[in-house]
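I have placed the structure first, in the form of structure tokens, so that the comments after it can refer back to it.
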Amino acid sequence: MDADADTVVFEAPAHFRFYKSGRIERLNRPPILPAGVDEATGVTSKDVVLDAETGLSVRLYLPKLQDPSTKLPVLVYFHGGSFLIESADSSTYHNYVNALAAAAGVLAVSVDYRLAPEHPLPAAYDDSWAALQWAASAQDDWIREHGDTARLFLAGDSAGANIVHDMLMRAASNDGSPRVEGAGHVFFLEKPGCENAKQLMDRVVAFIGGA
Numbered sequence: 015m016d017a018d019a020d021t022v023v024f025e026a027p028a029h030f031r032f033y034k035s036g037r038i039e040r041l042n043r044p045p046i047l048p049a050g051v052d053e054a055t056g057v058t059s060k061d062v063v064l065d066a067e068t069g070l071s072v073r074l075y076l077p078k079l080q081d082p083s084t085k086l087p088v089l090v091y092f093h094g095g096s097f098l099i100e101s102a103d104s105s106t107y108h109n110y111v112n113a114l115a116a117a118a119g120v121l122a123v124s125v126d127y128r129l130a131p132e133h134p135l136p137a138a139y140d141d142s143w144a145a146l147q148w149a150a151s152a153q154d155d156w157i158r159e160h161g162d163t164a165r166l167f168l169a170g171d172s173a174g175a176n177i178v179h180d181m182l183m184r185a186a187s188n189d190g191s192p193r194v195e196g197a198g199h200v201f202f203l204e205k206p207g208c209e210n211a212k213q214l215m216d217r218v219v220a221f222i223g224g225a
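Numbering (the working numbering), first residue to last: 15 to 225.
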């Protein structure tokens with residue numbers, strides 16, 4: 015056994031630590047919140063498992079409808095967290111997407127993709143692509159009855175915004191299917207000018223399995 019396996023090689027204070035062994039320690043995790051009815055907004059949420067083998071799931075958010083026949087735009091949301099932390103059911107993202115669905119009047123699909131380093135990239139991209147195709151095909155009764163997949167939008171923050179970019183490129187390479195009407199917060203992994211920042215990014219990218 016490597017005596018240095020538990021040596022910390024990188025730490026993002028209050029977020030995570032990388033160890034020489036390849037292990038990650040996630041710090042200060044936000045509470046996990048169950049799906050259900052939000053009394054403040056009237057939004058109802060539920061979890062759907064898409065792949066029991068990989069653990070891929072989504073959390074759907076349906077705003078309170080005055081007219082049950084109303085068809086809402088469908089927003090697929092990808093959470094942030096450097097591909098290393100966070101989840102669709104964390105208080106951070108449950109509360110945010112819940113409020114977003116209420117304010118924007120959209121049926122939201124929040125994707126709970128697999129995290130690195132346990133599941134290196136492209137696992138997060140592959141999970142997200144599977145979830146996007148699932149949402150676009152209206153396999154769930156909420157989407158089928160209350161969603162308008164002709165008005166399909168993507169959004170995300172941080173790593174999630176980078177996933178949005180990847181989803182758009184995959185759709186373009188797939189004869190434009192599924193058709194996406196719009197996207198927000200698209201984020202590119204660029205090479206920073208500062209040498210220290212470049213070294214930091216290179217270390218993180220190597221850890222999550224990126225090229």
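For each residue, glycine too, the CB sits at the ideal point set by N, CA and C.
Nothing here was measured: the structure is a model prediction, and the numbers come from that model.
Range of the contiguous alpha helix (DSSP H) that encloses residue i
i	result
R184	173 to 187
S83	Here S83 belongs to no alpha helix (DSSP H), and DSSP marks it neither H nor E.
Q147	137 to 150
Residue i, buried or exposed, once every other Cβ within 10 Å from all chains shown has been counted against 16
i	result
S71	buried
L89	buried
V22	exposed
N176	buried
V62	buried
L203	Low per-residue confidence applies at L203: pLDDT is 48, beneath 50, and the placement is therefore not dependable, though the value from the model is reported in the following sentence. It counts as exposed.
A220	exposed
L166	buried
P77	buried
L41	exposed
G196	exposed
V111	buried
V51	exposed
D171	buried
R37	exposed
Sheet register partners of residue i (DSSP bridge)
i	result
E25	R31
V62	V72
R40	F30
L129	Its beta-bridge partners do not exist; DSSP assigns none.
G196	F167
S104	I46
V51	T58
Enclosing beta strand (DSSP E) for residue i [first to last residue]
i	result
A169	161 to 170
S124	121 to 126
V90	86 to 92
Contact with chain B by residue i, beta-carbon distance below 7 Å
i	result
P192	Any reference to chain B falls outside this structure, which holds one protein chain only.
Taking 8 Å as the cut-off, does the segment 45 to 60 touch the segment 114 to 123 (at least 3 CB pairs, one atom from each stretch)? Cβ pair count under 8 Å is three or more, so yes.
For the 8 Å Cβ check, are there 3 or more pairs between the segment 38 to 57 and the segment 102 to 111? Pairwise C-beta distances place the segment 38 to 57 in contact with the segment 102 to 111, as three or more of them are shorter than 8 Å.
Can at least three beta-carbon pairs, one atom from the segment 186 to 196 and one from the segment 133 to 142, be found at a separation below 8 Å? Fewer than three pairs of CB atoms, one per stretch, sit closer than 8 Å, so the segment 186 to 196 makes no contact with the segment 133 to 142.
Between the segment 92 to 103 and the segment 151 to 160, are three or more C-beta pairs nearer than 8 Å? By the Cβ test, the segment 92 to 103 is not in contact with the segment 151 to 160, since fewer than three Cβ pairs between them sit closer than 8 Å.
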